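A.B. asks: Residue numbers (this note's numbering): 72 to 649.
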């Protein structure tokens with residue numbers, strides 16, 4: 072009898088000692104439902120894979136907001152808005168702090184019924200894509216501007232401001248603070264609705280192109296397919312480009328030595344303030360900080376992924392590296408012209424192999440569509456996962472500071488150990504205690520809860536999440552799992568085989584070539600975000616996952632290896648551009 076292809080059942084994963092009751096940190100619908108028969112049967116029958124592309128670390132309860140938002144919005148745009156025939160989106164679960172995903176599918180008999188909807192609705196967007204992208208930008212900037220305007224006070228006043236009386240507002244600070252909290256959550260939801268409005272269309276354009284190429288050219292490599300779509304300019308490449316300009320300016324203004332001499336921004340800025348060229352260079356920095364320093368030091372999915380504006384030592388490290396490269400005569404900008412030239416060459420060569428006009432027309436249409444939509448997957452990253460998320464984290468920390476002032480939290484960042492549903496009643500309790508003069512119940516209840524959650528989280532960090540759970544599919548056909556996460560039939564076979572190999576017997580590493588190439592170099596394992604600044608020229612970056620915001624490192628490294636990712640994950644896209 073053939074051995075069943077499956078990974079461990081999600082309900083049979085051994086608990087981590089000392090983390091008992093961890094499930095209460097997160098919304099009730101996130102944990103696997105052990106002991107609940109119907110629900111458990113569904114979960115045990117699904118193939119789940121760890122989403123290391125987005126979440127290299129276990130989730131803090133408040134940081135889970137982003138996963139929760141796209142749990143709804145991606146599946147909504149897939150199954151309800153664009154009505155994709157063969158998908159209902161992706162289900163999400165959490166195990167020991169780590170996110171697991173499973174594709175969900177409609178009944179087979181429903182697929183044909185969906186076809187007229189998907190053709191009309193996606194066609195409407197594709198025909199007007201550039202116009203609708205401009206409209207998308209207007210909508211996204213309105214969300215960003217509104218989030219920028221919201222603030223929470225560090226402390227609550229002894230008495231309300233005169234304006235509440237003499238302007239006859241009919242409410243006071245407590246009402247504004249409660250509404251502001253509601254609003255930042257609503258804006259987070261709106262940002263992720265906008266994210267999915269065009270993201271699925273972009274990946275749909277990619278997938279159609281991939282399938283067309285494989286139909287026309289059986290055996291074509293993923294590298295060749297990816298090369299035909301390189302050479303685009305998106306906002307995610309603008310922040311490193313600004314750092315490159317600043318590095319060149321530092322050399323031109325003869326302040327490069329002063330910049331290289333300091334690892335801390337405050338020390339460097341104090342030195343440069345002593346000269347006219349130094350002041351000029353600092354003015355140039357200020358001119359681009361809003362918005363181009365709203366770049367996350369990580370992927371933007373965790374509150375630890377602060378923006379450059381919140382830790383200027385990070386862009387300083389990149390600028391110092393760029394200066395050193397300039398002084399060696401090395402190129403620091405992205406080789407856009409060469410990449411574009413190679414992209415056109417590959418596309419032209421494959422097109423010349425097509426033997427009839429009909430197939431050439433299909434090739435031209437699918438390539439043009441894929442290149443047209445290619446700007447969104449990377450550009451939206453800057454506006455949402457970087458800029459908007461950074462604004463949200465700042466607002467959360469402001470609220471955390473207010474809680475500290477009322478003895479509800481010990482540190483402002485402790486707010487990230489509360490999920491978004493828990494914060495509103497704590498906020499209401501805090502405001503009521505401010506008015507009544509009675510200590511907030513939260514000041515007794517919340518600090519020990521946070522302390523316990525910190526203990527659990529630290530144990531989560533020491534756990535190595537299995538790559539997959541549940542029955543392994545014989546063949547992977549879900550396109551997003553392939554192009555974004557790199558979850559292919561071959562990858563699953565590797566995972567199953569790896570589970571039977573003892574660590575001491577490992578002699579080789581195998582993986583998915585998201586951006587294929589051959590290089591040699593010293594491996595630099597970057598487990599923490601701070602490790603990126605240690606990268607040296609010619610090294611191979613090894614990490615759980617990179618983000619598009621790590622682009623400055625790609626000027627330096629020879630290659631990149633990640634735990635997971637497909638042809639169109641952010642690491643692969645950026646690698647092809649360098």
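Glycine included, each C-beta is placed from N, C-alpha and C at the ideal position. The structure displayed is predicted, hence computed values, not measured ones.
Which residue or residues does DSSP assign as beta-bridge partners of residue 120?
C.D. replies: Among the bridge pairs identified by DSSP, residue 120 is matched with 172, 539.
A.B. asks: Which residue from 276, 424, 388, 363 puts its Cα closest to that of residue 289?
C.D. replies: It is 424.
A.B. asks: Mind reading off the beta-carbon distance from residue 219 to residue 462? Whole number of angstroms is fine, and I expect it under 8 angstroms.
C.D. replies: Confirmed, Cβ separation roughly 6 angstroms.
A.B. asks: Considering only residues of the same chain and omitting the five flanking positions on each side of residue 511, which have a CB-CB separation below 7 angstroms?
C.D. replies: 477, 479, 500, 501, 504
A.B. asks: Mapping DSSP to helix, strand and coil, what is residue 194?
C.D. replies: Residue 194: helix per DSSP, three-state reduction.
A.B. asks: CB residue 223 to CB residue 470, shorter than 7 angstroms?
C.D. replies: yes
A.B. asks: Do you know how far the Cα of residue 255 is from the Cα of residue 142?
C.D. replies: 18 angstroms
A.B. asks: Based on Cα-Cα distance, which residue from 337, 341, 486, 100 lies nearest to residue 131?
C.D. replies: 486
A.B. asks: Which residues in the same chain have their Cβ closer than 8 angstroms to the Cβ of residue 72, if we skip the five residues on either side of it in sequence?
C.D. replies: Per-residue confidence for residue 72 stands at a pLDDT of 43, beneath the threshold of 50, marking its modelled position as unreliable; no derived number is given.
A.B. asks: Comparing C-alpha positions only, which one of 115, 441, 627, 632 sits nearest to residue 279?
C.D. replies: 441
A.B. asks: Have a look at residue 608 and residue 393 and give me their C-alpha separation to the nearest angstrom.
C.D. replies: Approximately 11 angstroms between the Cα atoms of the pair.
A.B. asks: Can you find the residues in the same chain that come closer than 7 angstroms, C-beta to C-beta, to residue 581, ignoring five residues on each side of it along the sequence?
C.D. replies: Correct list, in chain order: 565.
A.B. asks: Alpha carbon to alpha carbon, how far is residue 369 from residue 418?
C.D. replies: A direct Cα-to-Cα measurement between residue 369 and residue 418 gives close to 33 angstroms.
A.B. asks: Is the segment 104–124 touching the segment 144–156 in the sense that three or more CB pairs, one from each, lie closer than 8 angstroms?
C.D. replies: No: the two stretches stay apart, fewer than three of their Cβ pairs being nearer than 8 angstroms.
A.B. asks: How big is the Cα-Cα spacing for residue 63 and residue 251?
C.D. replies: Not covered by the structure: residue 63. The range shown for the chain is 72 to 649.
A.B. asks: Using 10 angstroms around the beta-carbon of residue 572, count the other beta-carbons present and answer buried if the total reaches 16, otherwise exposed.
C.D. replies: Exposed, by the Cβ-count rule.
A.B. asks: Are the CB atoms of residue 170 and residue 139 nearer to each other than 7 angstroms?
C.D. replies: no
A.B. asks: Using 8 angstroms for Cβ pairs, my map puts residue 434 next to residue 416. What's the rounded Cβ distance?
C.D. replies: About 15 angstroms; that fails the 8 angstroms criterion.
A.B. asks: What did DSSP end up calling residue 378 once you bin it into helix, strand or coil?
C.D. replies: strand
A.B. asks: Here's the rule I'm using: 16 or more other beta-carbon atoms within 10 Å means buried, otherwise exposed. How should residue 506 be labelled?
C.D. replies: exposed
A.B. asks: Quick test of your reading: residue 156 and residue 182, contact by CB under 8 angstroms. State the CB separation rounded to the nearest angstrom.
C.D. replies: Confirmed, about 4 angstroms.
A.B. asks: In angstroms with no decimal places, state the Cα-to-Cα distance between residue 596 and residue 539.
C.D. replies: 23 angstroms
A.B. asks: Looking only at its own chain, which residues have a Cβ that is under 8 angstroms from the Cβ of residue 333, when we skip the five neighbours before and after it?
C.D. replies: 339, 342, 387
A.B. asks: May I ask you to report which of helix, strand or coil DSSP gives residue 276?
C.D. replies: helix
A.B. asks: Within this structure, are the beta carbons of residue 391 and residue 331 separated by less than 7 angstroms?
C.D. replies: Against a cut-off of 7 angstroms, the Cβ pair of residue 331 and residue 391 comes out as a contact.
A.B. asks: With a CB to CB cut of under 8 angstroms and the five nearest residues on each side skipped, what residues in its chain are close to residue 240?
C.D. replies: 234
A.B. asks: Which residues in the same chain have their Cβ closer than 6 angstroms to the Cβ of residue 592, if we skip the five residues on either side of it in sequence?
C.D. replies: 609, 610, 611, 629
A.B. asks: Give the DSSP-derived three-state secondary structure of residue 367 in the structure shown.
C.D. replies: Strand at residue 367.
A.B. asks: Between which two residues does the alpha helix (DSSP H) holding residue 554 run?
C.D. replies: It spans 550–554 - the alpha helix (DSSP H) in which residue 554 sits, taken as one unbroken run.
A.B. asks: Sorted by chain position, which residues of the same chain lie with C-beta nearer than 6 angstroms to residue 456's C-beta, five sequence neighbours on each side aside?
C.D. replies: 371
A.B. asks: Spell out whether any CB of chain C is found under 7 angstroms from the CB atom of residue 288.
C.D. replies: In the structure shown, chain C does not exist; there is a single protein chain.
A.B. asks: Identify, in the order they occur along the chain, each residue of the same chain with its Cβ nearer than 6 angstroms to the Cβ of residue 475, setting aside the five sequence neighbours on each side.
C.D. replies: 483
A.B. asks: Would you call residue 135 buried or exposed, if buried means 16 or more other Cβ atoms sit within 10 Å of its Cβ?
C.D. replies: Buried, because 16 or more other Cβ atoms sit within 10 Å of the Cβ of residue 135.
A.B. asks: Report the residue from 616, 579, 578, 567 whose alpha carbon sits nearest the alpha carbon of residue 75.
C.D. replies: Across the set 616, 579, 578, 567, the C-alpha of 567 shows the shortest separation from the C-alpha of residue 75.
A.B. asks: At what residue ranges does the segment 271–336 contain a whole run of the alpha helix (DSSP H), taking only runs of 4 or more?
C.D. replies: 293–298, 309–323, 327–331
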